[in-house]
Amino acid sequence: MIDLLPLLDWTDFVYFATPTFLLLVVSVVSALMSKRSLAIVAGALAVVVFAFFIGGMWHSLQRPPLRTMGETRLWYSFFVIIAGLIVFVRWRYKWILSFSGLLSTVFMIINIAKPEIHSKTMMPALESPFFVPHVISYIFAYSMLAAALIMGIYIIYNRRKNSSIEIDKMIHIADNLVYTGMSFLMIGLLLGAVWAKIAWGTYWGWDPKETWAAITMLSYLLYIHHRVYCPKRFEVSFLLLIISFLFLQICWYGVNYLPSAQNSSIHMYGM
Amino acid sequence: MWGKKWGWFESVAIVAGLGMVGVVLQLSVGAIPHNAFVSPVNIVGGSVLVAIIILCFTILYKYNKKTPLAFFAGGKATLSSMAALLLVLVLMGFTKQIPVSMGIELTHPIHRIGLSHILSTWYFLILYLYLLFVLGFVIINRVIRIKANLRDIAFVMNHIGLFITLFFGMLASADLQRYRMHTDTESDYPEWRGIDNITGQVVDLPIAIDLLSFDIDEYPPKLMIIDNNSGKPLPLQRAESLSLEAVPTEGMIDGWQIKVKEYLPYSAAVATPDSLVFREFRSLGAVQSAKVDVRLNEDSVLSGWVATGSHIFPYRSLKLTDSVSLVMADPEPKQYSSRVVLYAQNGDTDSATIKVNQPLRYKSWYIYQLNYNREQGRWSTMSEFELVKDNWLWGVYIGFAMLFVGAAMLFMSPLPKPDNEKELKNE
């Protein structure tokens, strides 16, 4: 088979991040200037360039690039662009690309400024078919929920303008993003649970990372149910959205720094 | 309050009351011992819970007690029961958790109120049961008027799936048995004794394991530069290494140019009249070694051997200056596996290779590869297993399957659009 993917190293990232960034700028500017097709094409090209880098990393590491914090940030940048594009294509919101592009760029800059050790070794417990879908489901959910938060902030900011029709439509988008994020959180969690049963004996062990995963899940469920039962009180829902997002950050990387979780979590990323 | 329509006051009063009862029980009776709900207590308790939910709902429904019925199947009970459990979990997330057997012994208020072992506290249990109670009410209330559309099916999958998962998860947590077992290839008879993970007691198990062989698959070793005093790899900020995947190879570590000329995965040191060299050696205790050239300055090159150690032979490093040396790090395991024969008490036998991520299943037992003698590394004759028995796994997996379908449906069937969607399009 012809080898399509080059062997890429972390040092090559800047040569992919820069064109991705430039394409994102083109995409954002076109969207703001109402040139819809150009915005979508540029955004899709950015995704392709980024995917090419991830593929190359995967190829040269001989394992999925999902093990270290830096590697998960890579996927986050990638999925945030995709999440932004989906919202843009489906709901035609011009400015969403600016936010998703900015968020993705921030994570790319962190990865250029602070690359982390990316050795090829992977502990035996990670050698599993569940590894890739589990982490990708989670990172995709994280990006969706970040997009939902951006939406929520935008809604609260726009409330002052009192254009209620627009607001309803925007809340609807935020809800859809949370539902999508929630379903991927659930899928990621279930894959992780079944994997855990196969790898080390129980599907749920109340390890600090798992506890925070449960907290995050329950908190977003609270948002969803609050929206169902108290649809008129979006301010409260919005507060739940922010709190849930903070819990999510603790679950993703905050546990690494929590005193209560020191030396006791088996789910730490290689730092 | 407590009038025709129960609202926020009543919902908060109920969870606060239940929480208080839990705290009082916690302070007076103490934490729930880990074996308090061992079968059949959990089966009876679980059945009683389901019976109470169905009975309460039926009575309230039949006698048309609309207020409590609408309350427990409604939004405020849902939100308050979730929020209460969330609060307890957040407390748990921020507090270091220790085993309940340890927590019971300690007298500091944090331990007495159970913050250090929340899963064994009465208030956690009571609020968990209350969530199940409300969830049960919500489910019955929806199921009796269910329609065959996508949203209702998604509702059933997500809510009943969650109920089943939480319900069987609770039963399982009381009955779960975990044992560690040490086996050795040099032992003359199969091992049947296990160490209970919770109590630390040695128990006779209904399963015996005979270890035939133990193998490790390792990553290629790495060369590193270390500080002679501290032993830490350099540069301190971000240690560099050179992997011996394909030899000969060369590379830079912490500014030193290193050329690897020869690599022997199985070798031992041989003394020659003027130095120590490594030669191929395929027997117990063999180490990995490499012959390297290190450029010291413009015109001098240091040549020598570095090697990992084993439980028999010491490791060998190459001193570059008074402060730094070149070493070969112990290779990291890629996979390890044990070839075993399993004997059950009833006469069943099975043979298999157990690997990390590839346990052996026998009835409701799972046998996991846990560890080996790390000092002996690839020459380990000892293999440690974990034996886990979970009688309720099937129930939890049914819940998982429903939740999985429910999550997929949630994603596939987006929320209905707001009513003013049409107006928007005309804009």
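Chains as they are written, first to last, in our numbering: chain A, 4 to 274; chain B, 946 to 1372.
Here a beta-carbon is modelled for each residue, glycine too, at the ideal position from N, C-alpha and C.
Here the structure is a predicted model, which is why all the values come from computation and not from measurement.
Asked, Found
"Would you call A:I142 buried or exposed, if buried means 16 or more other Cβ atoms sit within 10 Å of its Cβ?", "buried"
"By how many angstroms is the C-alpha of B:L1181 removed from the C-alpha of A:M274?", "Low per-residue confidence applies at A:M274: pLDDT is 38, beneath 50, and the placement is therefore not dependable, though the value from the model is reported in the following sentence. Rounded to whole angstroms, A:M274 to B:L1181 spans 14 Å at the Cα level."
"Could you list which residues in chain B have their beta carbon closer than 9 Å to that of A:D15, in chain order?", "Residues of chain B passing the Cβ test: none, with the nearest at roughly 17 Å."
"So, with DSSP's three-state summary, where would you put A:G208?", "coil"
"Let me know the alpha helix (DSSP H) ranges lying completely inside the stretch 41-126 of chain A, each 4 residues or longer, listed in chain order.", "72-94, 99-116"
"In chain A, what lies closer than 7 Å to B:V989 by C-beta?", "In chain order: nothing, as chain A lies at least about 23 Å away."
"Looking at chain B, is there any beta carbon in it that lies within less than 8 Å of the beta carbon of A:T71?", "no"
"Kindly indicate which three-state DSSP category B:E1131 falls into: helix, strand or coil?", "coil"
"Where does B:G1196 sit, in a helix, a strand or coil, going by DSSP?", "strand"
"So the beta strand (DSSP E) B:Y1313 belongs to, where does it begin and stop?", "1310-1317"
"Find the nearest neighbour of A:N179 within the set A:L194, A:G46, A:Y223, judged by alpha-carbon distance.", "A:Y223"
"What separation, rounded to the nearest whole angstrom, lies between the Cα atoms of A:G204 and B:E1331?", "8 Å"
"Which one of B:S992, B:R1323, B:S1248 has the shortest CA to CA distance from B:Q1280?", "B:R1323"
"How about B:L1080 and B:S1328: do their beta carbons lie closer than 8 Å?", "no"
"Let me know the alpha helix (DSSP H) ranges lying completely inside the stretch 979-1011 of chain B, each 4 residues or longer, listed in chain order.", "986-1007"
"Spell out the partners DSSP gives B:Y1208 in its beta bridges.", "B:A1235"
"Which value, in whole angstroms, describes the spacing of the CA atoms of B:D1141 and B:M1115?", "20 Å"
"Pull up the DSSP beta-bridge partners for B:R1284, would you.", "B:S1158, B:T1298"
"Using a threshold of 8 Å, state whether the C-beta atoms of B:L1030 and A:L11 are closer than that.", "no"
"Taking one C-beta from the stretch 1099-1116 of chain B and one from the stretch 1346-1361 of chain B each time, how about it: are there three or more such pairs within less than 8 Å?", "yes"
"What is the rounded straight-line gap between the Cα of A:S263 and the Cα of B:I1063?", "13 Å"
"Strictly below 8 Å CB to CB, what residues from chain B border A:L251?", "Here the premise fails: no neighbours, minimum Cβ distance about 12 Å."
"Buried or exposed, going by whether 16 or more other CB atoms sit within 10 Å of the CB of B:S1212?", "buried"
"By the 8 Å beta-carbon criterion, what residues does the stretch 203-228 of chain A contribute toward chain B?", "W203, G204, T205, Y206, W207, W209, P211, T214, W215, A217, I218, L221, S222, L224, L225, H228"
"Please return the same chain residues whose Cβ sits closer than 6 Å to the Cβ of B:A1119, not counting the five positions on each side in sequence.", "F982, V983, N987"
"Listed from N- to C-terminal order along the chain, which residues in the stretch 1117-1147 of chain B have their beta-carbon within a distance smaller than 8 Å of any beta-carbon of chain A?", "L1121, R1123"
"Distance cutoff 8 Å, beta carbons only. Does B:E1329 sit that close to anything in chain A?", "no"
"Pairs of beta-carbons, one from the stretch 1292-1305 of chain B and one from the stretch 135-150 of chain A, closer than 8 Å: are there three or more?", "no"
"Can you list the residues of chain A that B:P1044 reaches, using a CB-CB cut of under 7 Å?", "Here the premise fails: no neighbours, minimum Cβ distance about 11 Å."
"Taking a Cβ distance cut-off of 7 Å, strictly less, list which residues of the stretch 1071-1102 of chain B are near chain A, in chain order.", "none"
"For a cutoff of 8 Å on Cβ pairs, would you count A:V124 as touching chain B?", "The question names Val, but residue 124 of chain A in the sequence shown is Thr. Interface residue, yes."
"For B:L1179, which of helix, strand or coil comes out of DSSP?", "coil"
"On a Cα-Cα basis, can you pick out the residue from A:I246, A:R93, A:I57, A:I218 that is closest to A:I139?", "A:I57"
"Between which two residues does the beta strand (DSSP E) carrying B:R1306 extend?", "1305-1307"
"Just the chain B side, please: which residues come within less than 9 Å of A:I158 by C-beta, in chain order?", "Ordered by position in chain B, no residue passes the 9 Å Cβ test against A:I158, which lies about 13 Å from the chain."
"Give the straight-line distance between the Cα atoms of A:V52 and B:M1357, rounded to the nearest whole angstrom.", "28 Å"
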